[in-house]
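Beneath this line is the structure, given in structure tokens, with notes to follow.
Number of protein chains: 2
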Amino acid sequence: MKLALIGVGLIGGSFALAVRAAGKFDHIVGFDSRPEAMRRALELGVIDEAARSVANAVNDAHLVMVAIPVGSIRGVLREIAANVSSTAIVSDVGSVKGSVVEDARCELGESFARFVPGHPIAGSEHSGVEFADTELFSGKLFVSTPAAQTSAQALNYVEGVWQALGCRVERMTPEDHDNIFAAVSHLPHLLAFALVGHVVANPSAARMLEAAGSGFRDFTRIAASSPSMWRDICLANNAAIARELAVYRERIDTLQRAILLKDARTIEHVFEAASQSVLRTVAHR
Amino acid sequence: MKLALIGVGLIGGSFALAVRAAGKFDHIVGFDSRPEAMRRALELGVIDEAARSVANAVNDAHLVMVAIPVGSIRGVLREIAANVSSTAIVSDVGSVKGSVVEDARCELGESFARFVPGHPIAGSEHSGVEFADTELFSGKLFVSTPAAQTSAQALNYVEGVWQALGCRVERMTPEDHDNIFAAVSHLPHLLAFALVGHVVANPSAARMLEAAGSGFRDFTRIAASSPSMWRDICLANNAAIARELAVYRERIDTLQRAILLKDARTIEHVFEAASQSVLRTVAHR
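Chains as they are written, first to last, in my numbering: chain A, 1 to 285; chain B, 1001 to 1285.
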């Protein structure tokens, strides 16, 4: 079985290591627009072969896995459609699903039924194939967001691969996916980027960073993710993110007014809404 | 040497365990307004003796360490002033220093020169003496914020104790402390509380929390801190926090406009301001 991996970064590289360890593929050909990333992936044994182009990589592959920033997916799907076999399954790992499904619908033609939109909920503040990790997906959630036209066989196959890597699998609509991850992933990243940028812009930033405790370091870790990848996510899921941000800002406005007025009751009320007992109740209802 | 510990929670309990391990005190008497916390502290061997009152605890103590929420410090300092020996040193671990120094100035009278305002930059999302940890302060920063009247002997003594626990010590003015921690601690906690409260308020919260990855879990961990402790911090440092929040919101407003307009350049610009290379530059300048 041959896997064509388009994009040999952290996620693509970890997928390659994990499917090889699980015995799912005996040949992995990779393509990346950055020659250096491909060279490293070859050196590290993450891929067996470096392709000259997307066309070259997907030729006679059984599975094509697209692991690149969501803003670049459409162009790559176009190249895949023109070169992939009529039985190959195509999938992706993009963090936004509505836009990717539309890209695939526009570009893949007949292959659209064999396209399985997916999103493993795993990552790291590090990027690049150097940080690829066989165990990155173990115990994590894999979300598939099939379209009405997605073939059940293709869907089951891709979900089975992720299950073999130790993922639990959940299906949802692209819309539900994008709304959920706007709230629990995209908005938090955006707040973290803005907070770290805010502190760095302060004339006393060096002293502040030295004094910062573990709470702030969690933010710097989140904000260490790739700016271009997150720019793409914001553009691809802009409506849902803007909606979440608008509602979040109302809560921040309430808090700011309460802090200025020293309104102890409102401050505590906002904080208690986030307390662990509330979280536990919600998680189990 | 006798230590009087007022407040036997996570920080006070960890301080007691650590100073005992370092051989600094041979008798530790604790007082807490919550009888259950004192009972647990005795059971766990964190304190040797449970006092009936602050007055009872501080009587003949060499060091009085106040480890309670900043909103409660003033009343406790008043009780200490009336009962402490004329040679005892008094210190605290409050997260806000300007208000504590003013409280001490008002309440301690002659003892004010032997009051050393302090803040160890250590903690956990857990609260309570059950989570007290001998190593909590090891390798962490301890900030002292002496007033002009603070005796050099008292200051050196308290800093020496924290150094013996493995802390590096930095002195700053209460104002600098409060401005710095408004940015790197108070604002991040406030954003995390608001974010987790925002998600919990969503009708799909249960599904969202199940789907959330490690980025969001960092926020829930930060927001798991005690709501009443953080309410006190917001009240005590309200001017600096409100100022930080106002500037931060401008950055969020810029981002929201850019996301609505799909302005890729501005989005990436905001994100790149937080990138690791920027952080490294700032940290070393």
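No residue lacks a Cβ here, since even glycine has one placed at the ideal position from N, Cα and C.
Computed from a predicted model, the values in this text were never measured in an experiment.
query	result
Compute every distance between the C-beta of B/Phe1137 and the non-hydrogen atoms of the ligand NAP, then say whether any falls below 8 Å.	Among the components modelled here there is no ligand, and therefore nothing to report on the ligand NAP.
Whose CA, out of B/Ser1124, B/Asn1238, B/Thr1266, B/Glu1210, lies closest to the CA of B/Ser1226?	B/Ser1124
By Cβ distance, which residues of its chain are closer than 6 Å to A/Leu136, with the 5 residues on each side in sequence left out?	Ser14, Ala122
Does the stretch 246-255 of chain A come close enough to the stretch 1004-1022 of chain B to have 3 or more Cβ pairs within less than 8 Å?	no
A/Ser127 touches chain B at which residues, Cβ-Cβ below 9 Å?	Simply none; closest approach about 10 Å.
Secondary structure at B/Asp1253, three-state DSSP: helix, strand or coil?	helix
Against chain B, does A/Asn202 count as a neighbour if the rule is that its beta carbon must be under 9 Å from one of theirs?	yes
Give me the residue from B/Met1229, B/Arg1243, B/Arg1078, B/Asn1238 with the minimum Cα distance to B/Leu1010.	B/Met1229
Which one of B/Glu1049, B/Asn1059, B/Ile1006, B/Val1196 has the shortest CA to CA distance from B/Ser1033?	B/Ile1006
If you compare alpha carbons, which of B/Ile1080, B/Val1116, B/Glu1110 is closest to B/Ser1091?	B/Val1116
So if I threshold CB-CB distances at 7 Å, which residues from the stretch 1085-1117 of chain B count as touching chain A?	none
Inspect the beta-carbon positions of B/Asn1179 and A/Ser151 and report whether they are closer than 9 Å.	no
State whether the stretch 1076-1085 of chain B contacts the stretch 1096-1112 of chain B, with contact taken as three or more CB pairs (one from each stretch) at a distance under 8 Å.	yes
Is it the case that the Cβ atoms of B/Leu1260 and A/Asn238 are separated by a distance below 9 Å?	yes
Could you tell me whether the Cβ atoms of B/Glu1159 and B/Phe1142 are closer together than 9 Å?	yes
Express the C-alpha separation of A/Ala183 and A/Ile241 in angstroms, rounding to a whole number.	7 Å
Go ahead and label A/Pro35 buried or exposed: buried means 16 or more other beta carbons lie within 10 angstroms of its beta carbon, across all protein chains shown.	exposed
Can you tell me which of the three DSSP states A/His62 falls into?	coil
Which of the three DSSP states is assigned to A/Ile80 in this structure?	helix
Please tell me whether A/Asp133 has its Cβ less than 9 Å away from any Cβ of chain B.	no
Please work out which residues of its chain come closer than 7 Å, Cβ to Cβ, to B/Ala1192, disregarding the five sequence neighbours upstream and downstream, and give them in chain order.	Phe1219, Ile1222, Ala1223
Is there contact between the stretch 1053-1065 of chain B and the stretch 1024-1033 of chain B, where contact requires at least three CB pairs shorter than 8 Å?	yes
Could you tell me whether the stretch 163-176 of chain A touches the stretch 18-26 of chain A, where touching means 3 or more Cβ pairs closer than 8 Å?	yes
Give me, in chain order, the residues of the same chain whose beta-carbon lies closer than 7 Å to that of B/Ser1085; leave out the 5 immediate sequence neighbours on both sides.	Asp1060
Tell me the DSSP bridge mates of A/Ser151?	A/Ser151 is not bridged to any residue.
Does DSSP classify A/Val70 as helix, strand or coil?	helix
Excluding the five sequence neighbours on either side, which residues of its own chain have a C-beta within less than 7 Å of the C-beta of A/Glu107, listed in chain order?	Arg74, Leu77, Arg78, Ala81
Cα-Cα, which of A/Ala212, A/Val169, A/His269 is closest to B/Ala1201?	A/His269
The alpha helix (DSSP H) spanning B/His1186 covers which residue range?	Careful: B/His1186 lies outside any alpha helix (DSSP H) and carries neither H nor E.
Measure from the alpha carbon of A/Gly215 to the alpha carbon of each residue in B/His1198, B/His1186, B/Gly1213, B/Ser1214, then state which is nearest.	B/His1186
Does any residue of chain B have a CB that is nearer than 9 Å to the CB of A/Val143?	yes
Note down, in chain order, all residues in the stretch 222-244 of chain A with a beta-carbon under 7 Å from any beta-carbon belonging to chain B.	Ile222, Ala223, Ala224, Pro227, Ser228, Trp230, Arg231, Cys234, Leu235, Asn238, Ile241, Ala242
Beta-carbon separation of B/Val1169 and B/Ser1144 under 9 Å?	yes
Can you give me the Cβ contacts of A/Glu272 inside the same chain, cut-off strictly under 8 Å, excluding the 5 residues immediately before and after it?	Val278
For A/Ser146, which of helix, strand or coil comes out of DSSP?	Sequence inspection shows Pro at residue 146 of chain A; the Ser mentioned does not correspond to that position. Three-state DSSP puts A/Pro146 in coil, outside helix and strand.
Using DSSP bridges, identify the partner residues of B/Ile1089.	B/Leu1063
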